[in-house]
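In terms of my numbering, the sequence shown is residues 68 to 201.
C-beta: ideal position from N, C-alpha, C; glycine also.
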Amino acid sequence: MVQDRLRDGVRIAQLLASEVTGDTAWLTDLTVTDADPDVEPTVDGALAYTLTRGKGRKGEGGDRLAEVFVQPDRVRVEFIDRPDVAAEAAREASLRVRPKAVRPPRTLVFVEDGAQVKWLLPVLEAVLEEHTGE
């Protein structure tokens, strides 16, 4: 039987970054920043990059929306901005969600295979939309 699911954390993170940077509609205000091209996955998760709202393509200004951590077989996205909106949207997208008890609170969303990258895009859109709707 052929393995048809992508379960490599680094590759999943690369797919997510590609989706964000290639989007010309809903996610144009989102930028991949502070990327570590040589990131090695760890069990606890290694920071691969930050998703920043309101930054120009060259990286000036902006606010951190989420941080993306690479684990051996998945990606963990820690939503910094609007963690409550991220949690609700991720649950609706059938992604695994967990709160992180820190100050300020965060929401952890787990992307466990390459197909789930597409499921995460509406979560990012919801958080961006909530922010612009203030």
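Leu114 (DSSP reduced to helix, strand or coil): The answer is strand: DSSP assigns Leu114 an E or B state.
Which class does Val87 belong to by DSSP, given the choice of helix, strand or coil? helix
Short check: CB of Val137 to CB of Ala102, under 9 Å? no
Rounded to the nearest angstrom, what separates Arg74 and Arg158 at their Cα positions? 20 Å
Nearest to Asp148 by alpha carbon, out of Pro139, Leu162, Arg163, Leu175? Leu175
Are Glu86 and Val184 close, meaning C-beta to C-beta below 9 Å? yes
For Pro150, count the other beta carbons within 10 Å of its own beta carbon; 16 or more makes it buried, fewer makes it exposed. Which is it? buried
For Glu197, which residues in the same chain have their Cβ closer than 7 Å to its Cβ, ignoring the five residues on either side in sequence? Arg149, Val152
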